[in-house]
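Participant:
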Amino acid sequence: MSPIPSAALSEHIQPAATAPELLRNFCIIAHIDHGKSTLADRMLQQTGVVSDRAMRAQYLDRMDIERERGITIKSQAVRMPWAVEAGGTTTAYALNMIDTPGHVDFTYEVSRSLAACEGAVLLVDAAQGIEAQTLANLYLAMENDLAIIPVLNKIDLPAAQPEKYAEELAGLVGVDPADVLKVSGKTGVGVTELLDRIVERVPAPQGSADAPARAMIFDSVYDTYRGVVTYVRVVDGHLSPREKIVMMSTRAHHELLEIGVISPEPIPTKGLGVGEVGYLITGVKDVRQSKVGDTVTNQSKPASEALAEYHDPRPMVFSGLYPIDGSDYPVLRDALDRLKLNDAALVYEPETSVALGFGFRVGFLGLLHLEIVRERLEREFDLDLISTAPNVVYEVTLEDRSVVTVTNPSEFPGGKIGEVREPVVKATILAPSEFIGAVMELCQSRRGDLLGMDYLSAERVEMRYTLPLAEIVFDFFDQLKSKTRGYASLDYEPAGEAAADLVKVDILLQGEQVDAFSAIVHKDKAYAYGVMMAGKLKELIPRQQFEVPIQAAVGARVIARETVRAMRKDVLAKCYGGDITRKRKLLEKQKEGKKRMKTIGRVDVPQEAFIAALSTESGGKDAKDKSKK
Amino acid sequence: MTPALPDGEPVPDDGALPAWVRQARTAPAGVEERAFGVYLHVPFCTVRCGYCDFNTYTASELGGGASQASYAQTAVQEIALAARVLDDAGVGGRAVSTVFVGGGTPTVLPVADLSLMLAAVRRTWGLAPGAEVTTEANPDSVTPESLERLAAAGFTRVSFGMQSAVTRVLATLERTHDPARVPQVVAWARAAGLDVSLDLIYGTPGETLADWRESVEAALACGVDHVSAYALVVEQGTRMAAQVRRGLLTLPDEDDQAAKYELADDLLASAGLHWYEVSNWSRGPEHASRHNLAYWRGDDWWGVGPGAHSHVGAGDRAVRWWNVKHPRAYADRLAGARSPAAGRELLEPEDVALERVLLGVRLAEGMDLGLLAPGARTAVAGLVADGLLDGVAAVRGRVLLTRRGRLLADAVVRALTD
Chain A
921 MSPIPSAALS EHIQPAATAP ELLRNFCIIA HIDHGKSTLA DRMLQQTGVV SDRAMRAQYL
981 DRMDIERERG ITIKSQAVRM PWAVEAGGTT TAYALNMIDT PGHVDFTYEV SRSLAACEGA
1041 VLLVDAAQGI EAQTLANLYL AMENDLAIIP VLNKIDLPAA QPEKYAEELA GLVGVDPADV
1101 LKVSGKTGVG VTELLDRIVE RVPAPQGSAD APARAMIFDS VYDTYRGVVT YVRVVDGHLS
1161 PREKIVMMST RAHHELLEIG VISPEPIPTK GLGVGEVGYL ITGVKDVRQS KVGDTVTNQS
1221 KPASEALAEY HDPRPMVFSG LYPIDGSDYP VLRDALDRLK LNDAALVYEP ETSVALGFGF
1281 RVGFLGLLHL EIVRERLERE FDLDLISTAP NVVYEVTLED RSVVTVTNPS EFPGGKIGEV
1341 REPVVKATIL APSEFIGAVM ELCQSRRGDL LGMDYLSAER VEMRYTLPLA EIVFDFFDQL
1401 KSKTRGYASL DYEPAGEAAA DLVKVDILLQ GEQVDAFSAI VHKDKAYAYG VMMAGKLKEL
1461 IPRQQFEVPI QAAVGARVIA RETVRAMRKD VLAKCYGGDI TRKRKLLEKQ KEGKKRMKTI
1521 GRVDVPQEAF IAALSTESGG KDAKDKSKK
Chain B
2 MTPALPDGEP VPDDGALPAW VRQARTAPAG VEERAFGVYL HVPFCTVRCG YCDFNTYTAS
62 ELGGGASQAS YAQTAVQEIA LAARVLDDAG VGGRAVSTVF VGGGTPTVLP VADLSLMLAA
122 VRRTWGLAPG AEVTTEANPD SVTPESLERL AAAGFTRVSF GMQSAVTRVL ATLERTHDPA
182 RVPQVVAWAR AAGLDVSLDL IYGTPGETLA DWRESVEAAL ACGVDHVSAY ALVVEQGTRM
242 AAQVRRGLLT LPDEDDQAAK YELADDLLAS AGLHWYEVSN WSRGPEHASR HNLAYWRGDD
302 WWGVGPGAHS HVGAGDRAVR WWNVKHPRAY ADRLAGARSP AAGRELLEPE DVALERVLLG
362 VRLAEGMDLG LLAPGARTAV AGLVADGLLD GVAAVRGRVL LTRRGRLLAD AVVRALTD
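First to last, the protein sequences are chains A and B.
Just so we're aligned, residue 921 is where the first sequence starts under the numbering used here, counting upward by one.
Just so we're aligned, residue 2 is where the second sequence starts under the numbering used here, counting upward by one.
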């Protein structure tokens, strides 16, 4: 008997007409490159949802960036039929696979996706073992009372150690190592067993068919042709096409233009019933009108209580984005407006920098979010951008007890300051035990407080720290990787705010403050930052016709100083008959080049110098160099 | 001549100048008189030096076809064409004030060939009274007799490629002559009644400040009245550029070059040789190279030979053209009675104005402040304050570089043409 249900059996699992006991809603929790998308591809093929011929790698990842980077930004839900034989009878089930974002930046979105499921496949690379982010999402899944199905992937790899990691997984989830499934998304080995196991272990959804409709939004994406497409999980009641619905957090009313399921392309249906997962389209144009975590109900018979308290995503990291070509500013503005339609977490406001011109201060959920937004702006809108070093949000209490929120270091108040509070996170770091010392050293240097440490196995240890978020956004992950030869993994979640002894370091060129280089750092690190930045700029700023002092200052106190010596020679020695054309062309080229310079006071600074000085990569490299000295 | 020719527009087969040259030069407002010089390029060397990117060929590089033996005859054909083109444009018939034979190594040709070309110039246009007639020469390729015969043929001046007095530095430059020969050839040239100039190169990889001092002092010890000193520029595509790329040679930094320039300027000045252009020093204005000054002053000149550039100004515009590079292509063009020009550029008033600053600033005579655009005149104050322009000269209406300004002349030009 084929596990793909026959036409007769499929009658029982039609959308809007499937008994909850025939539904299974699950997600896959996995680290970034542990093969989640490849496994999902294989499931689509084995359930017959996608033919072998139509298959393309990572079918569900819509955006180019996702496919190239192998990560999933936007979750989707795919409905797959699956027949299971038990006790002589074959029953067809509808499986809804809810694809969750795998990264810590999107924790809130992950938690909403998990809330739409009854079970989770815990997918771990059989050659690498569990990573910190996976662990974090596993905690979330367990808190949501999901049934966990531990699975080792990539067992076809020569480096796979399935026995070792089966034991680790079993220990974590509390099952027998023999219960850990071993699959290969690449070859398809074990995928049938996994689908059977999902039907067997994941509980059927429960809900009241007669109660007022309540559906939770777990994703919301903007489509150029359809407007916002909202993904929901129906908990109670029933949603039908053409009826009026209400978003419970905003009380906004919309007409349900279309409702359906994805399998794997959208298929309009007669509605969605208890436990079902699908999409709805209301014609709204901005994802902010259809927010992840919100509850959808029926206008004529509204529910009195939302499913969960909704909260807006809060930007944690800010960076200034500036077009390299100042005339691209309107393009950048339009591009951000467009991205916002599809990204409820993106916030921005116009900002002017003396050094960089017109741009935007943009808030992000985290560093990956920043990177993805920047990359999309550059790729989809063909923009060349400078982004300033990422910073966090500070709450500064002045002596008169007024409070200033600082999202841009150059706005840090200059007068008497009572207290500065900065966001802190709880970080979980997994690393082979030989690197405990290196990790502790790094965390201590980043003002971390050790909360606890546990051995996951004889060789792997979990360390928990409280760390200022500001320390993490500045090359922490690069350092962690380099100090542990790439073996450590990191996860963190917001843990409120804490007071800290912070100061603003300004950088001055020839006495002129360069706003783009100001940074808020801990008092003990102001000197190191000043020396590093002044040194870096000394290398990057070309020699001018005059000496250029570079100073780092806290308030009026100069803490570091470098000098770009005056240029001594800038003349082509020879200039005879045949050289004149060449010389004139060279001069014209140099004048073009000067147009790409920003002038600070009298100092010409090439764009490249700003980019290099602000890029976190070179920041990381410099920090490494410094540690060698 | 530069290795790669500029991009330009095509030149008519007969080499005719644009019609506006005739109109501007023969305008009723008054016929314009400009000095006229002739450059004769000799594109041959016995060996090619590692740093050289000039348009020159050794016998083996040429591989037959365009023979060295028939070169002078070919050049004479271009002189005839030049006379026609200039006459047709209404700018012919001027006696030649300066002739400069450059290369390559002109003295690899027999003196008879050099004399033949000079005779053609004289026959075609005539030499102005007191005309300056220079040839470049390699210390290896002259004898007392050859120098005497050059003087007899009408040459008045010889410029030797000395480059350095230090054997090790000469070896890096792949120059073959024995430095001890230089004072000898200078003495022979002077005995033949020729004015002598020595060319020096500073900033060769491995050259110390002491090496450079030795070279400048050796040049001065020869008692010459003119010295040119150039910073070594490693051009792309030369053997030396490849050696630098592979890390076999390390280029000196700009501080080293600046220090050597200043040292040379000090040593030369105390010996009575004063700068009259950024890279040229002479014992008084009468020993300055008038042919080179013509380039910097924007005069007219006709460049004869493969890759040679020419320039004719008219009113506030000018035309500059350049010949095909390869001697064989050059000879073929002339054999077919076609102009050897590969391309030309028409300089609009703003280009001419820019070049006037570009070139005029390099001269010790300075340039008239009035030639600057009004915006640039305000930049002068800043350049005086930075010590790049002479304040006294500026007050008197001249743009004149200070010594620091000479080393930063390109930056000064950028500021003055912004």
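Ideal Cβ placement from N, Cα and C applies to all residues, glycine included.
Which chain B residues are close to Met1487 of chain A, counting only those with a beta carbon under 8 Å from its beta carbon?
Facilitator: Under the 8 Å cutoff, chain B gives Glu255, Leu409 and Ala412.
Participant: What does Lys1518 of chain A reach in chain B if we use C-beta pairs closer than 9 Å?
Facilitator: Simply none; closest approach about 16 Å.
Participant: When the Cα atoms are used, what is the spatial distance from Val43 of chain B to Thr57 of chain B?
Facilitator: So the two alpha carbons sit approximately 8 Å from each other.
Participant: Applying a beta-carbon distance threshold of less than 7 Å, which residues of chain A neighbour His227 of chain B?
Facilitator: By Cβ distance, chain A contributes nothing, its closest Cβ being about 15 Å from His227 of chain B, past 7 Å.
Participant: Buried or exposed: which applies to Lys1424 of chain A, given that a residue is buried once 16 or more other Cβ atoms fall within 10 Å of its Cβ?
Facilitator: Lys1424 of chain A is buried by the Cβ-count criterion.
Participant: At a CB-CB cut-off below 8 Å, which residues of chain E make contact with Cys947 of chain A?
Facilitator: Given the protein chain composition of this structure (A and B), no chain E is represented.
Participant: Note the first and the last residue of the continuous beta strand (DSSP E) segment covering Cys947 of chain A.
Facilitator: Leu943 to Ala950 is the extent of the beta strand (DSSP E) around Cys947 of chain A.
Participant: Looking at the unbroken beta strand (DSSP E) that takes in Ser1140 of chain A, where does it start and where does it end?
Facilitator: Where Ser1140 of chain A is concerned, the enclosing beta strand (DSSP E) stretches over Arg1134 to Asp1143.
Participant: Across the stretch 1450-1459 of chain A and the stretch 1499-1508 of chain A, are there enough close Cβ pairs to call them in contact, namely three or more that are closer than 8 Å?
Facilitator: Too few Cβ pairs lie closer than 8 Å, so no.
Participant: Pull up the DSSP beta-bridge partners for Gln1471 of chain A, would you.
Facilitator: Beta-bridge pairing links Gln1471 of chain A to A:Leu1428 and A:Arg1481.
Participant: Can you say whether Glu1088 of chain A is buried or exposed, counting buried as having 16 or more other CB atoms within 10 angstroms of its CB?
Facilitator: Glu1088 of chain A comes out buried.
Participant: Within its chain, find whatever has a CB closer than 8 Å to the CB of Ala1124 of chain A; leave out the 5 residues flanking it on each side and keep chain order.
Facilitator: So the list reads Pro940, Glu941, Leu942, Leu943, Arg944, Glu1038 and Gly1195, once near-sequence residues are dropped.
Participant: Tell me whether Thr967 of chain A is buried or exposed, calling it buried when 16 or more other Cβ atoms sit within 10 Å of its Cβ.
Facilitator: It counts as buried.
Participant: Quick check for students: name the residue ranges of the alpha helix (DSSP H) that lie wholly in the stretch 316-364 of chain B, counting only runs of 4 or more.
Facilitator: For the stretch 316-364 of chain B, whole alpha helix (DSSP H) runs of length 4 or above, ordered along the chain, are 328-336 and 350-361.
Participant: Please classify His288 of chain B: is it buried, with 16 or more other beta-carbons within 10 angstroms of its beta-carbon, or exposed?
Facilitator: Buried, by the Cβ-count rule.
Participant: Tyr1375 of chain A to Glu1339 of chain A, Cα distance in whole Å?
Facilitator: Roughly 38 Å between the two C-alpha positions.
Participant: For my contact list, Leu264 of chain B and Arg214 of chain B are in at a C-beta cut-off of 8 Å; report their separation, rounded to the angstrom.
Facilitator: 6 Å between Cβ atoms; contact.
Participant: Does the Cβ of Tyr1059 of chain A have 16 or more other Cβ atoms within 10 Å, making it buried, or fewer, making it exposed?
Facilitator: Exposed.
Participant: Counting pairs of beta carbons, one from the stretch 296-311 of chain B and one from the stretch 321-337 of chain B, are three or more of them closer than 8 Å?
Facilitator: The answer is yes - the stretch 321-337 of chain B touches the stretch 296-311 of chain B, with three or more Cβ pairs under 8 Å.
Participant: Going by C-alpha to C-alpha distance, which of B:Gln164, B:Trp297, B:Val225 and B:Ala81 sits closest to Ala120 of chain B?
Facilitator: The option with the nearest alpha carbon to Ala120 of chain B is B:Ala81.
Participant: Measure from the alpha carbon of Glu907 of chain A to the alpha carbon of each residue in A:Pro1388, A:Ile1018 and A:Asp1421, then state which is nearest.
Facilitator: Because chain A here runs from 921 to 1549, residue 907 of chain A falls outside it and cannot be looked at.
Participant: Quick check on DSSP: helix, strand or coil for Glu986 of chain A?
Facilitator: Note on Glu986 of chain A: pLDDT 47, under 50, position unreliable in the model; no value is reported.
Participant: Between which two residues does the alpha helix (DSSP H) holding Leu1362 of chain A run?
Facilitator: Residues Ile1356 to Ser1365.
Participant: What residues in the stretch 280-309 of chain B have a beta carbon less than 8 Å from any beta carbon of chain A?
Facilitator: Here the close residues are Ser280, Asn293, Tyr296, Trp297, Trp302, Gly304, Gly308 and Ala309.
Participant: Determine which residues share a DSSP beta bridge with Met1517 of chain A and list them.
Facilitator: Paired residue(s): A:Pro1526.
Participant: Looking only at C-alpha atoms, which of B:Ala374, B:Thr403 and B:Leu199 sits nearest to Leu417 of chain B?
Facilitator: For the residues B:Ala374, B:Thr403 and B:Leu199, the minimum Cα distance to Leu417 of chain B belongs to B:Ala374.
Participant: In the DSSP output, what is His1158 of chain A paired with across the bridge?
Facilitator: For His1158 of chain A, which the question treats as bridged, DSSP gives no partner whatsoever.
Participant: For Lys1416 of chain A, which three-state DSSP category applies?
Facilitator: First, the amino acid is wrong: residue 1416 of chain A is Gly here, not Lys. Three-state result, Gly1416 of chain A: strand.
Participant: Taking all protein chains shown into account, decide if Arg1153 of chain A is buried (16 or more other Cβ within 10 angstroms of its Cβ) or exposed.
Facilitator: Buried: at least 16 other Cβ atoms inside 10 Å.
Participant: Is the distance from the Cβ of Gln996 of chain A to the Cβ of Ile1018 of chain A below 9 Å?
Facilitator: Closer than 9 Å, so yes.
Participant: So for Pro1070 of chain A, helix, strand or coil by DSSP?
Facilitator: Strand.
Participant: With DSSP as the reference, label Arg1153 of chain A as helix, strand or coil.
Facilitator: Three-state DSSP puts Arg1153 of chain A in a strand.
Participant: Can you give me the C-alpha to C-alpha distance between Leu195 of chain B and Tyr231 of chain B, rounded to a whole angstrom?
Facilitator: Going by the C-alpha atoms only, they are around 23 Å apart.
Participant: Near Asn1311 of chain A, which residues of its chain fall below 8 Å by C-beta distance, leaving aside the five closest residues on each side in sequence?
Facilitator: Closer than 8 Å at the Cβ level, and outside the excluded window around Asn1311 of chain A, lie Val1237, Phe1238, Ser1239, Thr1327, Asn1328, Pro1329, Ala1390, Val1393, Ala1439 and Ile1440.
Participant: Using CA coordinates, which residue listed in B:Asp8, B:Leu151 and B:Phe101 is at the minimum distance from Ser290 of chain B?
Facilitator: The shortest Cα separation from Ser290 of chain B among B:Asp8, B:Leu151 and B:Phe101 belongs to B:Phe101.
Participant: What span of residues does the alpha helix (DSSP H) with Gln1 of chain B cover, start to end?
Facilitator: The structure shown has nothing for residue 1 of chain B, since chain B only spans 2 to 419.
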